[in-house]
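The structure under discussion appears below in the form of structure tokens.
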Amino acid sequence: MKIAVLPGDGIGTEIVAEAVKVLKVLELPLELEHAPVGGAAYEISGHPLPEATLKLALGADAVLFGAVGDWKYDKLDRPLRPEQAILGLRKHLGLFANFRPAICYSQLTHASSLKPELVAGLDILIIRELTGDIYFGQPRGRRTAVDGHFPGSEEAFDTMRYSRPEIERIAHVAFQAARKRGKKVTSVDKANVLETFQFWKDVVTEVHTQHYQDVELEHMYVDNAAMQLVKAPKKFDVVFTGNMFGDILSDEAAMLTGSIGMLPSASLNERNQGLYEPSHGSAPDIAGKGVANPLATILSAAMMLRFSLGQEQAAQRIEAAVQQVLTDGLRTGDIYSEGTQRVGTREMGDAVVAALKRQG
Ligand code: NAD
Numbered sequence: 001m002k003i004a005v006l007p008g009d010g011i012g013t014e015i016v017a018e019a020v021k022v023l024k025v026l027e028l029p030l031e032l033e034h035a036p037v038g039g040a041a042y043e044i045s046g047h048p049l050p051e052a053t054l055k056l057a058l059g060a061d062a063v064l065f066g067a068v069g070d071w072k073y074d075k076l077d078r079p080l081r082p083e084q085a086i087l088g089l090r091k092h093l094g095l096f097a098n099f100r101p102a103i104c105y106s107q108l109t110h111a112s113s114l115k116p117e118l119v120a121g122l123d124i125l126i127i128r129e130l131t132g133d134i135y136f137g138q139p140r141g142r143r144t145a146v147d148g149h150f151p152g153s154e155e156a157f158d159t160m161r162y163s164r165p166e167i168e169r170i171a172h173v174a175f176q177a178a179r180k181r182g183k184k185v186t187s188v189d190k191a192n193v194l195e196t197f198q199f200w201k202d203v204v205t206e207v208h209t210q211h212y213q214d215v216e217l218e219h220m221y222v223d224n225a226a227m228q229l230v231k232a233p234k235k236f237d238v239v240f241t242g243n244m245f246g247d248i249l250s251d252e253a254a255m256l257t258g259s260i261g262m263l264p265s266a267s268l269n270e271r272n273q274g275l276y277e278p279s280h281g282s283a284p285d286i287a288g289k290g291v292a293n294p295l296a297t298i299l300s301a302a303m304m305l306r307f308s309l310g311q312e313q314a315a316q317r318i319e320a321a322v323q324q325v326l327t328d329g330l331r332t333g334d335i336y337s338e339g340t341q342r343v344g345t346r347e348m349g350d351a352v353v354a355a356l357k358r359q360g
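1 is the number of the first residue of the sequence shown in our numbering; add one for each residue after it.
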């Protein structure tokens, strides 16, 4: 099983090193090959996603990704900025399904900004369509308005669109994921205003009626979903939506759990080839200090074993080891509270490795 390891920038190198340590202790037949990406690749080759890195990713069963970006690259032309590497990988690998679990560990309930009783035991999964919607729809651009409120003035526009196959394939992903969990899907749309999302709602309903009557389906407008996520988040099981709404709701759901340093993510294509990365960025403010929380990346490696490599048992072992270190009271700065033991990135990784070894 071949894994492309792309640590990237900032804390990316520190947190990926810990995930690699954890993978190695499992003694699985994994071939790990590293390559530069993002700003690190730009420094070496003049491009954030060099040909060799892309080739490695395309040929691997899975990609373990750290994070890319640094403020110092903000003045570069857009195609050369580190963040373009992740967009390029999504496009070339056809990663249309993004999974973001939001789990509130009982040990960290107090870290959420919501009341403990609202988030204790929270375990929801956000599934976001990743390659369509207004983010990729054409045409887009700037022009002189021919109509609207101010004809003749400068305006900008984007195009929101979804085709039937795009909606069908992500709907199948969502219903199948729900079958393995709480058997409930909330499809989030804005069908009351947008044609694209009336179509979304119609197609999702068809897929449900034809194939997934054993799963409960509810439809919810995105504004209500944003409200319900902070009012009663435990009502949800699988929340499934388009690219833009998913972008916003998945960050909202992330914060329910307290720290973005705990949240893994997976992006999959039709062949179950996937890119696995923490939900956070490269955190330039703490890079190089050895204080970043590596658990989101370690949990992303667990998702990689589960979804792309068919190693469910190994995935569960990692998740249990993470639970164990939290129970033992170890905390990086982002999840620290009085009475717990503050540790750095490497110590946290070492503790997960030790917990895995103790499992026997
Ligand atoms: P960020 O997620 O990097 O950081 C936000 C805050 O969370 C910071 O205070 C940071 O210190 C903290 N944080 C993040 N991860 C942490 C961890 N593992 N442990 C402890 N604290 C953690 O977001 P940002 O500051 O808005 O962006 C920084 C850079 O990352 C930008 O260049 C941005 O474009 C890039 N970015 C990359 C990705 C990606 O690679 N997929 C995603 C988001 C942002």
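Note that CB positions come from ideal geometry on N, CA and C, so glycine has one too. Since we're looking at a predicted model, the values are computed, not measured.
Nearest candidate by alpha-carbon position, reference residue i, set the options
{"i": "K91", "options": "E270, A301, G290 and G288", "result": "E270"}
{"i": "L30", "options": "V5, S337 and D70", "result": "V5"}
{"i": "Q213", "options": "K184, F197 and Q311", "result": "K184"}
{"i": "L26", "options": "A120, Q210, G333 and R317", "result": "R317"}
{"i": "T364", "options": "Y135, L330 and A191", "result": "Because residue 364 is not part of the residues shown, which for the chain are 1 to 360, the question remains open."}
{"i": "L95", "options": "P82, V173, G46 and E195", "result": "V173"}
{"i": "T159", "options": "G132, V146, R179 and D147", "result": "G132"}
{"i": "G88", "options": "Y221, T53, K72 and N224", "result": "T53"}
{"i": "A178", "options": "F99, N192 and G137", "result": "F99"}
{"i": "F136", "options": "S163, K21, E51 and S282", "result": "S163"}
{"i": "D350", "options": "E18, A111 and P139", "result": "E18"}
{"i": "T109", "options": "T327, Q359 and V352", "result": "T327"}
{"i": "G182", "options": "F197, D189, W200 and L217", "result": "L217"}
Residue i: CB within 7 Å of a non-hydrogen atom of the ligand NAD
{"i": "V68", "result": "yes"}
{"i": "D285", "result": "yes"}
{"i": "I11", "result": "yes"}
{"i": "H92", "result": "no"}
{"i": "T332", "result": "yes"}
{"i": "I260", "result": "yes"}
{"i": "N243", "result": "no"}
{"i": "G349", "result": "no"}
{"i": "I15", "result": "yes"}
{"i": "I318", "result": "no"}
{"i": "E83", "result": "yes"}
{"i": "I127", "result": "no"}
{"i": "A171", "result": "no"}
{"i": "P278", "result": "yes"}
{"i": "N293", "result": "yes"}
{"i": "S282", "result": "yes"}
{"i": "A35", "result": "no"}
{"i": "I103", "result": "no"}
Inter-residue spacing [alpha-carbon to alpha-carbon] between residue i and residue j
{"i": "P151", "j": "G141", "result": "16 Å"}
{"i": "L309", "j": "G59", "result": "14 Å"}
{"i": "I433", "j": "Q341", "result": "Summary: the structure shown does not reach residue 433, with the chain confined to residues 1 through 360, and so no result is reported for it."}
{"i": "H34", "j": "A120", "result": "38 Å"}
{"i": "H219", "j": "F240", "result": "10 Å"}
{"i": "T209", "j": "F175", "result": "11 Å"}
{"i": "Q228", "j": "L249", "result": "11 Å"}
{"i": "I335", "j": "T144", "result": "50 Å"}
{"i": "V146", "j": "M262", "result": "49 Å"}
{"i": "E277", "j": "L194", "result": "32 Å"}
{"i": "M244", "j": "G290", "result": "33 Å"}
{"i": "P82", "j": "G288", "result": "18 Å"}
{"i": "D285", "j": "V215", "result": "44 Å"}
{"i": "A57", "j": "D77", "result": "24 Å"}
{"i": "A85", "j": "Q138", "result": "21 Å"}
{"i": "N362", "j": "P48", "result": "The structure shown does not extend to residue 362, since the chain is modelled only from 1 to 360, so the question has no answer here."}
{"i": "M303", "j": "A315", "result": "7 Å"}
{"i": "I242", "j": "V188", "result": "A small fix is needed here, since residue 242 is Gly in this sequence, not Ile. So the two alpha carbons sit approximately 8 Å from each other."}
One or two residues paired with residue i in a DSSP bridge
{"i": "Q341", "result": "L330"}
{"i": "L268", "result": "A97 and G274"}
{"i": "T144", "result": "E154"}
{"i": "V5", "result": "H34 and L64"}
{"i": "I124", "result": "A102"}
Practice item. Determine contact between the region 192-207 and the region 151-171, defined as no fewer than three beta-carbon pairs at a distance below 8 Å. Key: yes
Review point. Is there contact between the region 39-48 and the region 317-329, where contact requires at least three CB pairs shorter than 8 Å?
Key: no
Review point. Looking at C-beta atoms only, is the number of pairs between the region 236-244 and the region 120-138 that lie closer than 8 Å three or more?
Key: yes
Review point. Is the region 151-160 touching the region 267-283 in the sense that three or more CB pairs, one from each, lie closer than 8 Å?
Key: no
Point to revise | the region 294-312 / the region 64-80 touching (three or more Cβ pairs under 8 Å) | key: yes
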